[in-house]
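Working notes, beginning with the structure itself.
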Amino acid sequence: MTSINTNIGSMIAQKNMLDNTKDLDQAMARISSGLRINSAADDAAGSAIASKMEAQVKSLGVAIRNSNDAISMTQTAEGALNEMESILQRVRELAVQAGNSTLSSSDRSMIQSEVNALTAEINSIAAKTNFNGVKLLDGSKDILNFQIGIDATDSLAVNLQKSDAAALGLQGSPGADIYTSERVMGTNYNASNAQIDVSDIKINGQNALSTAFNTDLSASTANEAKSIADAINLNTAVHGAVANAFNELTSSAVGDFKMTTTFTLDGNGTTHTVAIANSYQELVDNINETVPSMTAVLNQDNTITLSNTTGSQINIGNQQGATDVGFVQNSTYTGFISLTNNDGSAVKIEAGSEANGYVNGVGTIADVNAFGFNEVSDGKTVETDVVSGTALVAGELKLNGVEIGQSSSGSAQHIASAINALTSEHGVTAVAQTAVDVILDISVLPNTHASELSINKAQVDLTGSTTFAQVVTAINNAAIGDIRASLTTDGHLRLESDSGASITVASSGDVDLVKGYRDINGTISQTGIRTGAATSDTDSIVAAFNMTATTTASLLGVSATSTNLNSKLVLTVGADESAKKATIVGTDIFGNALTETITLGNANGATVTTSNFFNSVTGITTDAVLANASFNVGTVSSNGNAADTDSLITAANLSGDGTAALTLNGALATSDSLGAVITLQSAGNESAKQAHVTGKDMSGNVITEVITLGNATTVSTTNVFNSVSEIKISDALTTSNFNVGTAVQTGDTFTVEGKMNLSSETGAPIQIDTTTEDTATLLTSGNATEVVLQKVGLQGQSSTSSVTGENVSVKTLAQATASLSKIDSAIDKVSSFRSSFGAVENRIDASINNLTTLKINTEAAKSRIEDADFAKETSNMTKAQILSQAATSMLAQANSSKQNLLALLQG
335 MTSINTNIGS MIAQKNMLDN TKDLDQAMAR ISSGLRINSA ADDAAGSAIA
385 SKMEAQVKSL GVAIRNSNDA ISMTQTAEGA LNEMESILQR VRELAVQAGN
435 STLSSSDRSM IQSEVNALTA EINSIAAKTN FNGVKLLDGS KDILNFQIGI
485 DATDSLAVNL QKSDAAALGL QGSPGADIYT SERVMGTNYN ASNAQIDVSD
535 IKINGQNALS TAFNTDLSAS TANEAKSIAD AINLNTAVHG AVANAFNELT
585 SSAVGDFKMT TTFTLDGNGT THTVAIANSY QELVDNINET VPSMTAVLNQ
635 DNTITLSNTT GSQINIGNQQ GATDVGFVQN STYTGFISLT NNDGSAVKIE
685 AGSEANGYVN GVGTIADVNA FGFNEVSDGK TVETDVVSGT ALVAGELKLN
735 GVEIGQSSSG SAQHIASAIN ALTSEHGVTA VAQTAVDVIL DISVLPNTHA
785 SELSINKAQV DLTGSTTFAQ VVTAINNAAI GDIRASLTTD GHLRLESDSG
835 ASITVASSGD VDLVKGYRDI NGTISQTGIR TGAATSDTDS IVAAFNMTAT
885 TTASLLGVSA TSTNLNSKLV LTVGADESAK KATIVGTDIF GNALTETITL
935 GNANGATVTT SNFFNSVTGI TTDAVLANAS FNVGTVSSNG NAADTDSLIT
985 AANLSGDGTA ALTLNGALAT SDSLGAVITL QSAGNESAKQ AHVTGKDMSG
1035 NVITEVITLG NATTVSTTNV FNSVSEIKIS DALTTSNFNV GTAVQTGDTF
1085 TVEGKMNLSS ETGAPIQIDT TTEDTATLLT SGNATEVVLQ KVGLQGQSST
1135 SSVTGENVSV KTLAQATASL SKIDSAIDKV SSFRSSFGAV ENRIDASINN
1185 LTTLKINTEA AKSRIEDADF AKETSNMTKA QILSQAATSM LAQANSSKQN
1235 LLALLQG
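Quick note: to get the working numbering, add 334 to the position in the sequence shown (first position is 1).
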């Protein structure tokens, strides 16, 4: 159809022009940006994929930088360790040189000076080596983490170790093993049963003494350490060890120097006055000039160390000047003893007991403790006394300078677990064990008594057990943890726990079964054991109580009528009173009248509590007669504390006849120390009535025994009660003067703790310290606290198993020779640690190569999705340009094509 109104050709030409323009714009945009995707509309899926790849590529770049940082860190640490290794090799050269017998004392001193300087430099390197401020070798950090990948799990942990001289086994250990005591006690060994016999203590398997030690060391002028050292040295030819007495005391740091008065020092029995100084260094100089028997040294932290080589007491006068500079005025410090074997080997010191393999030996660990030492039977393992049973507090005990964490209990088992949790840091392994030998009188055990014995609150069924072998079988059949029973060679019952668990034995029968016990170190005890003797105290629990037929309830004075109760009331019943109600009348905290009615409880001992807080109570009534006289009213404080169930009314009888609870007398009834059968003494004929006795047996289990009363006589329970909480009588008594007490004390209960063996991975003596100075017992030097050390079985004065000296010692031929193994061990540690950094560096190199490859491939994949193909886009642009020109021409033709229709109008 020929028309002029619609120019179809023009419209088609315009559309094609528009399409060509869009293609041309897109081609120019891609060519100008170099990207195929300039907006999400260009390729929605491709844009999302490319964005994800872009994040991966950028993360890979950061991971590569992190990896290079890790390499730099390992190279820093490895370089420091390389220098340490060189220093240790030089120290070993010096130790070999010092092993030559031709050297003089001055020669050795010069060698020792260089050794000291080199070990000091090891400490300096360990303290100062850091990467970007992070210390690497001082032990402040265990692990450094590096993110060397793009995922959360792609992290690398680099392990660090403390690498100073002490950690390498060089500082605080002088080459040859020198075993040092704690301060020696001033004991009178001439007192009855106090002397140390020749064979009580063994050194290197031989008698420590040539004659019994019975010197009185309690005098103020005694040199305790020297007296004991001299006694040990009298037998050096036999045991091969040399004892040296010395003393050392370090002041506390007190900040800026201040000295207001002079003070006196006594190092050998002669008192010297130290002049007032104006600085710490001047004070040290004054001491060295004034007190010839003592050497004073100023430490870096401005503390002062006083020492002597005689072991004499260090006595500080009662003057303020001493306190000003960090000493404890009016104090006395006894000396130490060090033991060294002549051949340079480790010293062994132990009790001469049968437990340690000495036939008929009667020595104990207490004898070793008395000389200030712990038991070290193999030269490197500290064998503790039994632990005290008190849990360790985190940070109060240190092994080789590492603070031990909290133990979950005071048993040897749990203390050992706390120690072993940090073995990788301090190098000490603790092995706990508990054992107890129980002396039984098997002849008194009835073969029908099933509940005679319990262990750790687990009942042992002794029915039919009339021999020791049967008792052992019964205990093992009870399967009580890892506790196992056996018989000793002398026929006693032995209980053992290989884990070091506490062992509690309780005998709650009416026979005197347990006579005594002996712990793992051979210490015999009867603590907690009853003798079976009768007691004449027949009214220790209830005295002259008159059970009348009726009792009128009344309030107990000021507690009820005071205006400061501000408490809810708690009402306790002695029977099912749930059908009855009580009405309480009083006032609230504002003085307003207050009344509340409450339904009573439904059982003996049941309590109900008011919803209102009463500030005073003027009256309490019930709507019916109560069935039981044991009706108590007390308070519950506003802060939710436990109820005081008898502060207002005690055992009142609101009705008539009925059961009544007795009020027990004093602490004896509820204490955990009765261990006896209970006696009930009546003055009249009470044979028709019963008493209900409630309490706990020797194992702590709640028990109740019902016993029929007598006719003006005394009756006793069959069970042994360790405490009594309640006694009830079934009906009113006919006469007063009713007494309750204890009879034959046969109940036994005792707990035995275990001991530990502390062994060092390196074989070096273990440094045992506490973090708090024990000023109470004047053990400032060495930071030894008796209470803490008793928790781990290091009792008495044997608080520190340390060694003297500051660095590897080459001062003697024996020490120089013994030093070689320690230096070799240090070199091995450093080499191993250094090689670990090399392994990490190689691993990181491989990781970087892998990350780089991954980054390249990811970028290539991203480029294929996102980048423009220039050849293709140039072709597209040329095509679009040509088509655009053609479309323009055709549009012009289409627009002029309608001119031909005008000819029709001219005709």
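Every residue gets a Cβ at the ideal spot worked out from N, C-alpha and C, and that includes glycine.
Rounded to whole angstroms, what's the CA-CA distance from residue i to residue j? Just pull it up for me.
i: residue 586; j: residue 655; result: 14 Å
i: residue 523; j: residue 540; result: 21 Å
i: residue 912; j: residue 905; result: 12 Å
i: residue 1228; j: residue 1236; result: 15 Å
i: residue 671; j: residue 469; result: 38 Å
i: residue 345; j: residue 388; result: 44 Å
i: residue 445; j: residue 453; result: 12 Å
i: residue 606; j: residue 579; result: 22 Å
i: residue 1224; j: residue 1214; result: 15 Å
i: residue 471; j: residue 738; result: 21 Å
i: residue 741; j: residue 727; result: 7 Å
i: residue 575; j: residue 1159; result: 25 Å
i: residue 1093; j: residue 753; result: 11 Å
i: residue 1100; j: residue 1083; result: 36 Å
i: residue 658; j: residue 573; result: 46 Å
i: residue 653; j: residue 852; result: 48 Å
i: residue 588; j: residue 1103; result: 22 Å
i: residue 778; j: residue 838; result: 21 Å
i: residue 622; j: residue 599; result: 11 Å
i: residue 350; j: residue 342; result: 12 Å
i: residue 824; j: residue 442; result: 56 Å
i: residue 1271; j: residue 733; result: With the chain covering 335 to 1241 only, the question about residue 1271 has no answer from this structure.
i: residue 804; j: residue 695; result: 31 Å
i: residue 707; j: residue 567; result: 16 Å
i: residue 829; j: residue 768; result: 8 Å
Using DSSP with H/G/I as helix, E/B as strand and the rest coil, what is residue i?
i: residue 1189; result: helix
i: residue 1093; result: strand
i: residue 734; result: coil
i: residue 413; result: helix
i: residue 482; result: coil
i: residue 800; result: coil
i: residue 423; result: helix
i: residue 1121; result: helix
i: residue 795; result: coil
i: residue 1242; result: This structure cannot speak to residue 1242, because the chain is shown only from 335 to 1241.
i: residue 592; result: coil
i: residue 648; result: strand
i: residue 911; result: coil
i: residue 458; result: helix
i: residue 1167; result: helix
Take the Cβ of residue i as the centre, count every other Cβ of all protein chains shown within 10 Å, and call the residue buried at 16 or more, exposed below.
i: residue 1262; result: This structure cannot settle anything about residue 1262, because the visible part of the chain is limited to 335 through 1241.
i: residue 705; result: buried
i: residue 661; result: buried
i: residue 1179; result: exposed
i: residue 1013; result: buried
i: residue 477; result: exposed
i: residue 693; result: exposed
i: residue 1239; result: exposed
i: residue 775; result: exposed
i: residue 1171; result: buried
i: residue 1127; result: buried
When every heavy atom of the ligand NAP is checked, does at least one fall within less than 8 Å of the C-beta of residue i?
i: residue 1030; result: Here there are no bound small molecules, and the ligand NAP is not part of this structure.
Three CB pairs or more closer than 8 Å across the region 413 to 429 and the region 454 to 461: yes
Completely contained alpha helix (DSSP H) runs for the region 557 to 585, where each covers 4 or more residues: 558 to 567 and 570 to 573
Contact the region 636 to 647 vs the region 577 to 591: 3+ CB pairs below 8 Å: Taking a contact to require three or more Cβ pairs closer than 8 Å, the region 636 to 647 and the region 577 to 591 qualify as touching.
4-residue-minimum alpha helix (DSSP H) runs that sit fully inside the region 712 to 775, ordered along the chain: 746 to 754 and 757 to 760
Touch test, the region 529 to 540 against the region 645 to 654, Cβ-Cβ under 8 Å, three pairs minimum: no
contact_flag[the region 1170 to 1190, the region 427 to 439] where n(CB pairs < 8 Å) is 3 or more: No, they do not touch.
Segment contact, 8 Å Cβ cut-off, at least three pairs: the region 478 to 485 with the region 394 to 408: yes
Given 8 Å, three or more beta-carbon pairs between the region 592 to 611 and the region 558 to 570: no
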